[in-house]
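Data block below; observations after.
Numbering (the numbering used here), first residue to last: 1185 to 1273.
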């Protein structure tokens, strides 16, 4: 739709962007979480990963899919200050 979309993953959400880790399916008719994340990135989406959440799981940048970046919440706050709409769940 032409929108710039970013995701900030915390807690278990971080597991969705671990290489070879997104094998779960939310619905049998849906792609796996890993496929959804890959599709999101290939469509221009930006994935930010909570540093503390990655650290507690022992994840380094090399453990994550291409396009996922371990970066603190100030990056997300910057987008919001610039006028980004937010959706949280």
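Heads up, the beta-carbon is just placed ideally off N, CA and C, and yes, glycines get one too. Only a predicted model underlies this, so the values are computations on that prediction, with no experimental measurement involved.
Distance check for residue j and residue i, CA to CA, integer angstroms please.
| i | j | result |
| --- | --- | --- |
| residue 1268 | residue 1239 | 27 Å |
| residue 1155 | residue 1266 | The structure shown does not extend to residue 1155, since the chain is modelled only from 1185 through 1273, so no value can be given for it. |
| residue 1257 | residue 1198 | 14 Å |
| residue 1209 | residue 1223 | 15 Å |
Within the same chain, show all residues whose beta-carbon is closer than 6 Å to that of residue i, passing over the 5 residues directly before and after it, in chain order.
| i | result |
| --- | --- |
| residue 1252 | 1201, 1231 and 1233 |
So is the beta-carbon of residue i under 7 Å away from any non-hydrogen atom of the ligand SAM?
| i | result |
| --- | --- |
| residue 1246 | In the structure shown, the ligand SAM is absent, as is every other ligand, since no ligand is present at all. |
Within 10 Å of its beta-carbon, does residue i have 16 or more other beta-carbons around it, so buried, or fewer, so exposed?
| i | result |
| --- | --- |
| residue 1193 | buried |
| residue 1218 | buried |
Indicate whether residue i and residue j have their beta-carbon atoms separated by less than 8 Å.
| i | j | result |
| --- | --- | --- |
| residue 1249 | residue 1235 | no |
| residue 1205 | residue 1216 | no |
Keeping to the same chain, check which residues put their C-beta closer than 8 Å to that of residue i; ignore five residues upstream and five downstream.
| i | result |
| --- | --- |
| residue 1214 | 1220 |
>> Just to confirm the assignment: which complete beta strand (DSSP E) runs, minimum length 3, are found wholly within the region 1223 to 1251?
In response: 1230 to 1233
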